[in-house]
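**Q** Can you keep this structure in mind? I'll have questions shortly.
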Amino acid sequence: MSEQSEEGQGAAAEVAEWWAENPMTYGAAHGQTVYEDGAYELGTREFFERVDREFYSWNQPLHGATPFDRLFPYERYRGRPVLEVGCGMGTMASNWARHGARVTAADLNRTAIEMTRRRFELFGLEGRVRQEDARTLSFADSEFDYAYSFGVLHHSPDLARSIAELMRVLRPGGGFGVMLYNRRSVLYRYNVEYLQGFLHYENQFLGPLELASRYGDGDTAEGNPHTWPITREEAFDLFNPYSRDVSVRILGTELDSIFRQMLPFVGRLVPRFVRKSWARRYGWSLWITGTKDGGL
Ligand SMILES: C[S@@+](CC[C@H](N)C(=O)[O-])C[C@H]1O[C@@H](n2cnc3c(N)ncnc32)[C@H](O)[C@@H]1O
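Number 24 in numbering that gives the first Met the number 0 belongs to position 25 of the sequence shown; there are no gaps in the numbering.
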């Protein structure tokens with residue numbers, strides 16, 4: 000094994016371990032199962048329902064009649080093979096299963112796999128749940144008709160390779176949707192660069208990747224080993240080689256809570272329509288969609 004790939008393996012193991020210990024529970028902090036209305040036991044029906052309520056509330060503008068139907072073309076892929084990379088607690092995969100997709104939910108960390116399997120069992124849903132590294136997926140070429148990943152690949156130590164893998168397992172003409180953090184966002188500029196980097200003087204000790212990893216995931220207590228947000232332009236550069244119809248939208252769903260938490264006084268003075276237009280330009284989430292080239 001080359002030195003570089005050994006280093007890559009080490010980084011992925013560290014990422015997997017961190018997320019296994021601090022899974023995406025949507026609690027007070029990663030891994031916690033305490034919410035505003037009390038504590039829940041990990042892996043119970045009530046826990047999964049609570050995770051979903053919180054996850055949905057963070058993404059209110061993305062739902063219509065059913066959760067995330069403003070993001071996902073559920074009906075187009077009914078009965079078709081769909082892949083999620085980085086399923087966390089299995090919320091999105093379970094929605095795809097409810098809409099009749101033949102879903103495969105993959106994640107690097109064992110807690111996510113255990114929890115997603117448990118959720119599917121508890122709620123009587125059909126689907127495959129597999130422990131996988133986004134950079135080296137074990138699936139066959141063109142195995143899936145639709146592939147998505149939400150808030151995951153910026154944690155992968157090799158983003159370009161993870162995207163190449165996602166595209167390899169997607170059939171030509173298949174659709175994709177990938178959410179990656181935006182470096183030109185209020186959250187990054189204010190929380191990471193200004194508040195932590197400049198005001199708290201952390202940029203004297205941490206390089207940009209370390210700073211983003213520690214403070215870029217809305218969880219300043221413990222940080223995580225790898226978080227690297229990208230720009231809109233970088234998103235086009237990364238996805239254009241695979242698709243002629245790449246589109247990059249900024250979701251901006253978090254801007255209201257940023258105003259509440261980080262700028263409580265200024266936030267109150269800024270009218271909602273201004274906040275909304277900022278959210279569309281400087282939001283934290285880039286939603287990258289397209290169709291893999293080569294279809295009929
Ligand atoms: C912020 S959580 C998002 C989970 C879920 N998509 C959600 O939105 O709730 C990030 C997830 O990415 C997973 N992850 C990080 N690096 C990965 C990789 N290289 N391959 C697969 N999953 C990865 C972590 O284990 C974790 O479950």
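Just so it is clear, CB atoms sit at the ideal spot from N, CA and C, and this is done for glycine as well.
Use the C-beta contact count for Val81: other C-beta atoms within 10 angstroms, 16 or more gives buried, fewer gives exposed.
**A** It counts as buried.
**Q** Determine whether the beta carbon atoms of Val84 and Pro224 lie at a separation below 9 Å.
**A** No.
**Q** What first and last residue would you give for the alpha helix (DSSP H) that runs through Ala278?
**A** From DSSP, the alpha helix (DSSP H) with Ala278 extends over 271-281.
**Q** Does DSSP put Glu83 in a helix, a strand or coil?
**A** Strand.
**Q** On the three-state DSSP scale, how would you describe Thr65?
**A** The answer is coil: DSSP assigns Thr65 none of H, G, I, E or B.
**Q** Output the distance between the C-alpha atoms of Gly123 and Glu192, rounded to the nearest integer angstrom.
**A** Rounded to the nearest angstrom, the two C-alpha atoms are 45 Å apart.
**Q** Looking only at DSSP bridge pairs, what is Leu169 linked to?
**A** In DSSP, Leu169 forms a bridge with Phe143.
**Q** Between which two residues does the alpha helix (DSSP H) holding Arg231 run?
**A** Looking at the DSSP string, the run of the alpha helix (DSSP H) that includes Arg231 is 231-238.
**Q** Spatial neighbours of Pro156 within its chain, please: C-beta separation below 8 Å, excluding the five flanking residues on both sides.
**A** For Pro156, where only same-chain residues beyond five positions count, the Cβ hits under 8 Å are Gly7, Ala10, Ala11, Val14, Arg134, His225.
**Q** On the DSSP bridge assignment, give the partners of Leu179 in chain order.
**A** Answer by DSSP bridge pairing, in chain order: Leu285.
**Q** Identify whether Ser246 lies in helix, strand or coil by the three-state DSSP scheme.
**A** Of the three classes helix, strand and coil, the one that applies to Ser246 here is strand, per DSSP.
**Q** Would you be able to state if there are at least three C-beta pairs under 8 Å between the segment 26-38 and the segment 87-96?
**A** Too few Cβ pairs lie closer than 8 Å, so no.
**Q** Report yes or no: do the segment 111-129 and the segment 52-60 share at least 3 C-beta pairs separated by less than 8 Å?
**A** No, because fewer than three Cβ pairs between the segment 111-129 and the segment 52-60 fall closer than 8 Å, the two stretches do not touch.
**Q** Can you tell me which residues form a DSSP beta bridge with Arg99?
**A** With the sequence shown as reference, residue 99 is identified as Gly, and Arg is not the correct amino acid for it. For Gly99, which the question treats as bridged, DSSP gives no partner whatsoever.
**Q** If the criterion is Cβ atoms closer than 9 Å, does the pair Val185 and Trp283 meet it?
**A** Cβ distance < 9 Å, so Val185 and Trp283 count as in contact.
**Q** Answer with buried or exposed for Ala278, where buried requires no fewer than 16 other C-beta atoms within 10 angstroms of its C-beta.
**A** That one is buried.
**Q** Let's see if you can read the secondary structure: which residues bound the beta strand (DSSP E) around Arg213?
**A** Note, Arg213: premise wrong, no beta strand (DSSP E); alpha helix (DSSP H) at 207-214.
**Q** My understanding is that Arg116 touches Arg101, with C-beta atoms under 8 Å, so please give their C-beta distance in whole angstroms.
**A** With 8 Å as the limit, Arg116 and Arg101 do not qualify as a contact, their Cβ atoms being about 16 Å apart.
**Q** Which residue marks the beginning of the beta strand (DSSP E) containing Val128, and which one marks its end?
**A** Looking at the DSSP string, the run of the beta strand (DSSP E) that includes Val128 is 127-130.
**Q** Grab me the residues of Trp18's own chain with a C-beta within less than 6 Å of its C-beta, minus the 5 sequence neighbours each way, in chain order.
**A** Cβ neighbours of Trp18 beyond the five flanking positions: Asn108.
**Q** Any chance the segment 37-49 sits against the segment 187-205, with 3 or more Cβ pairs inside 8 Å?
**A** No, the segment 37-49 does not touch the segment 187-205.
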